[in-house]
Structures are given as structure tokens and as C-alpha cells.
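Colleague: Residue numbers (this note's numbering), protein chains in the order written: chain C, 1 to 151; chain R, 1001 to 1313. The beta carbon of each residue, even a glycine, is placed where N, CA and C say it ideally should be. My questions all concern the structure below.
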Ligand code: SF4
């Protein structure tokens, strides 16, 4: 890796801007995502900022199973993000479909639709787990594991 | 020619301003975080944000005027950097001074607002359109009080040149006390210009996602953010030159240190206000600017004219 790539890599690890998208969650995970962005947990320490528009964001925090209704919208939001972009599945539902698995209107986990870089299980996930997951995702960007499947 | 290039590109031009702007953004964000009882970002955060944005893909929305969309961030940056050259910083004279530069600086500081408007207007997104409409509406509210507040001291000194203005106040520091109200007005108007809380109505992330910058990404967003940071430094320098022209004859080292202290003081004030108050609605903002700020600014002008009539005619 050249010096410039290394600096760029460093800046990406240090400045992940997130956008939060509810793809059909029961709202439990969303409340926890919002809670983890409050001053108590102070995610700005890691450079994390919540952005309202997918154009500015690097990380898509998707919570909940993908319903048939939301599928198109989820894809559209993902395509509006600028490269390089990552998807984090927040909550058991987002990882596998969870309690909503097998419903007629549910497609399953986020990875049915989008390439997912990190899975954070929990029902609902605690803010600590979200922070841990995001930090691990960033660490894996610094030293990519052998068979990384980054989106 | 060589020195001019260095002045424009390195010191006190683009490079110095970029470093100062990023440092200013850090101080602002860190103080804001400390006021909220949290740690806040590390010192390299604005730099990391900037490099990351530079290295990201840039998207131009369908239907946008590609040229205009790409040019606007560059225009914004150029205007704020140009304005910086006409403001006296650590000496009594600006890098380039001529009679009438006070007005030129004020107009140069208006250009970025128009670029935000045009950039948002051409991105063909509803949110960006709303944001740009608010940007312009807000401009009509704070611009008049800002102009009146800055031009009041100029009337008192009987000059339209910032450098001569600082010389005038250097000789008569007591005349500054008459302009305390003007300082407060200019500071509040500067908050509107920088789109900081309580006047971040055009950006209002919780209601219109990103305002005029909704569709901006990558490099263009990085230039816009940098121009905001530099605008903060330029605006603070303007306020420091007009309302706090103390100790300008101290030579370079001491004068430069004093200049940094003044800028830090102003940035800390901005961060303090930002953490104390919440966002206003656009109609409240305009009502406040026209019903409170503008009349007080007019009073300020009258006080200055009377003082001038009594002491300096
Ligand atoms: S994981 Fe649990 S809390 Fe989260 S969306 Fe699914 S059911 Fe709700």
C-alpha cells in the first residue's frame, strides 16, 4: 500500500458517517440505535456522525428484517450512497429475519438483498453492542481479514 | 509575482486558512461536546473527514446542471479566501487594502450563501430546494443587520477602508465602547451566515435532511465544508478587525498570538451559543432579525453619527 492509500484508509476508519434505515424492524432496534448516538455513549469520539442523507453517509445501519414493501426502498437508499459504502445489520432480525422469519411478507435478513459487512445480533441490540460492532467493522477495514466480503 | 503566489497559496492564503479552518472546526466541535458533558472528537477529526470526503465517489444527480453543480463549491471557497486578504489581521493594515474594502469584504462574504443556494437549486431534490429557499430567506433577514452593524463603526471613523478603520480605533479605543451593541448584532448575524444553531434552519438535518447540500457527496461536499470552516475564520477575523482592534502595533509574533486569541474567543462564543439554544423556525428567525436586530442596528448607526458630530467634525 502506498502512502496515499494508507492516509485514505486511515481517514475512512476515523470518519464513518452513518445513516439509519428501518427496513421493517419492530422499532426496538431503532430506539437502541438512536440511544447509542446520544451524549451518554458519545459516538463522536470515533468520528461517527449521524447523517440525514445517504449521499453523505458511509455506513448504512439497517435494522429489522426486509419486508417486501421496503425492499425497493432499501435498495434505492443503498444505491444513492457514494462508494465506498458498508452495510451493518443491526439486530437479530436484520441478521437472519429473527422472529419474523418465514412470514409471507418478509424476505429475511438484510443479506438477502445487500452485501453486509458486519452483523450485530441482539433483540434488541444494546448500544454497547452497536458501538462494539461498529468499532470491529472499522478495525477490520484497517487489517482486512483474508476473505473479506465488504460491499 | 513569487511572493504574491506564496501569499495567495500558503501564508496567509489557502493553506493557512485551510489549517485554521479545520482547527477552528475542531475547537468548535470539541467545545460543543464538552458543554454537553461528553468527550467529543479527537483533534484530527476534521482532517479525517476532509480526506475521506475527497477520496469518496462523487455523484451528480440526474437533471442537475453538471457544470453549475460542480463549480459552486469552488466559487464558495474562492470567495471566502479572497475576502480574507482585505481584512487587517495582526497589523493595522491588511495584505491588500484600498478605500472601500469594507464593502467589498461584506459582499464577498455574501457570495458563498448564493453558491449554497444555486448548488441546492440545481440538484433537483425537494429537500435541497427547500434548503436553498431557506438559505436565501435567511440571507434577507441577517444581511441588513450585519451590514448596518459593520458599517456603523465605518461611519464613525469616516472611512470605508478596514485598515484605516483599525488605525482610527487604535488611536481612540474608547470609541469602541459605543459599538458594543453592534458587536453583539454582528455576532448573531454571523451565526446566521454560518448556518449555526439557532439559525441552522437551512440545514436542519432533522427536518429537511441536509438542506442545500442534500445531493452533494465526495469532493464537492468536502469543498463546501471547507468553505464553511474558512468562512467561520474569515467572519471571526472581520469581527475582530472591526470590533476588537486592540494591540495591532505589537509586531508580528505578539500580534499574531493576539489575533489567534481573538479568533479563539469568537469561536468559543459561537460554540457556547450553539450549545445553549435550540433551532428557531424560519418565521421566528426573520421576525427576530427584522424586529429586534435591525432596529438596534439602526440605533447604533444613529449613535455613531451623533458621536461623530460631537467629537470628530
Ligand atoms: S431484533 Fe428484536 S428488537 Fe430488533 S427489530 Fe427484531 S424483534 Fe425488534
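Per the contact definition of three or more C-beta pairs closer than 8 Å, is the segment 113-129 of chain C in contact with the segment 84-104 of chain C?
Modeller: yes
Colleague: Quick one: what's residue 67 of chain C bridged to in DSSP?
Modeller: Note: residue 67 of chain C sits in a beta bridge opposite C:106.
Colleague: Taking 7 Å as the limit between beta carbons, can you name the residues of its chain near residue 1056 of chain R, skipping five residues before and five after?
Modeller: 1217 and 1218
Colleague: Using DSSP with H/G/I as helix, E/B as strand and the rest coil, what is residue 87 of chain C?
Modeller: strand
Colleague: Leaving out the 5 sequence neighbours to the left and right, which residues in its chain are closer than 6 Å to residue 11 of chain C when beta-carbon positions are compared?
Modeller: none
Colleague: Give the secondary structure of residue 1026 of chain R by DSSP, where H, G and I count as helix, E and B as strand, and everything else as coil.
Modeller: helix
Colleague: Helix, strand or coil: how does DSSP classify residue 62 of chain C here?
Modeller: strand
Colleague: Rank R:1153, R:1125 and R:1185 by C-alpha distance to the C-alpha of residue 1173 of chain R and give the top, closest one.
Modeller: R:1153
Colleague: Count the other CB atoms within 10 Å of the CB of residue 1123 of chain R; is the residue buried (16 or more) or exposed (fewer)?
Modeller: By the Cβ-count criterion, residue 1123 of chain R is buried, with 16 or more other Cβ atoms from all chains shown falling within 10 Å of its own Cβ.
Colleague: Quick check: the Cα distance between residue 1177 of chain R and residue 42 of chain C, rounded to an integer number of angstroms?
Modeller: 41 Å
Colleague: Could you tell me the alpha carbon to alpha carbon distance between residue 1157 of chain R and residue 1128 of chain R, rounded to whole angstroms?
Modeller: 42 Å
Colleague: Beta carbon of residue 1024 of chain R, beta carbon of residue 1263 of chain R: below 9 Å?
Modeller: yes
Colleague: Pick out whichever of R:1076, R:1108 and R:1295 has its Cα sitting closest to the Cα of residue 1086 of chain R.
Modeller: R:1108
Colleague: Using a threshold of 8 Å, is the CB atom of residue 1125 of chain R nearer than that to any non-hydrogen atom of the ligand SF4?
Modeller: no
Colleague: Looking at the ligand SF4, does it come within less than 8 Å of residue 106 of chain C, judged from the CB to the closest heavy atom?
Modeller: no
Colleague: Residues of the segment 109-138 of chain C with a CB closer than 9 Å to any CB of chain R: list them in chain order, please.
Modeller: Here the close residues number zero.
Colleague: Tell me whether residue 1099 of chain R is buried or exposed, calling it buried when 16 or more other Cβ atoms sit within 10 Å of its Cβ.
Modeller: exposed
Colleague: Look at the alpha carbon of residue 130 of chain C and the alpha carbon of residue 1181 of chain R, and state the distance between them as a whole number of angstroms.
Modeller: 48 Å
Colleague: Is it the case that the CB of residue 27 of chain C approaches a heavy atom of the ligand SF4 more closely than 8 Å?
Modeller: Yes.
Colleague: Cβ of residue 1026 of chain R versus every heavy atom of the ligand SF4: is any distance shorter than 8 Å?
Modeller: no
Colleague: Output the distance between the C-alpha atoms of residue 198 of chain C and residue 1115 of chain R, rounded to the nearest integer angstrom.
Modeller: The requested residue 198 of chain C is not part of the displayed model; chain C covers only 1 to 151.
Colleague: Does any heavy atom of the ligand SF4 sit closer than 8 Å to the C-beta of residue 65 of chain C?
Modeller: Yes - the ligand SF4 has a heavy atom lying nearer than 8 Å to the Cβ of residue 65 of chain C.
Colleague: In the DSSP assignment, the alpha helix (DSSP H) including residue 41 of chain C goes from what residue to what residue?
Modeller: For residue 41 of chain C, there is no enclosing alpha helix (DSSP H), as DSSP gives it neither H nor E.
Colleague: Using a beta-carbon distance below 9 Å, is residue 1153 of chain R in contact with chain C?
Modeller: no
Colleague: In three-state terms, what does DSSP make of residue 1084 of chain R?
Modeller: helix
Colleague: Answer yes or no: does any C-beta atom of chain R fall closer than 9 Å to that of residue 2 of chain C?
Modeller: no
Colleague: Rounded to the nearest angstrom, what separates residue 1232 of chain R and residue 133 of chain C at their Cα positions?
Modeller: Using only the alpha carbons, I get a separation of about 36 Å.
Colleague: Does the beta carbon of residue 82 of chain C sit closer than 9 Å to a beta carbon anywhere in chain R?
Modeller: yes
Colleague: Using a cut-off of 7 Å between C-beta atoms, extract the partners of residue 7 of chain C located in chain R.
Modeller: 1051
Colleague: Quick test of the definition: if touching needs 3 or more C-beta pairs under 8 Å, does the segment 14-28 of chain C touch the segment 1007-1026 of chain R?
Modeller: no
Colleague: Can you list, in chain order, the residues of its chain whose CB lies under 6 Å from that of residue 141 of chain C, leaving out five sequence neighbours each side?
Modeller: 13
Colleague: Tell me the DSSP secondary structure of residue 19 of chain C in three-state form.
Modeller: strand
Colleague: Going straight from the alpha carbon of residue 1278 of chain R to that of residue 1192 of chain R, what length do you get?
Modeller: 13 Å
Colleague: What residues in the segment 1263-1297 of chain R have a beta carbon less than 7 Å from any beta carbon of chain C?
Modeller: For the segment 1263-1297 of chain R, which is checked against every Cβ of chain C, not one residue is closer than 7 Å.
Colleague: Less than 8 Å between the CB of residue 21 of chain C and some heavy atom of the ligand SF4, yes or no?
Modeller: no
Colleague: Is any non-hydrogen atom of the ligand ZN found closer than 8 Å to the C-beta of residue 1023 of chain R, if you look at the structure I gave you?
Modeller: As presented, the structure is devoid of the ligand ZN, carrying the ligand SF4 as its sole ligands.
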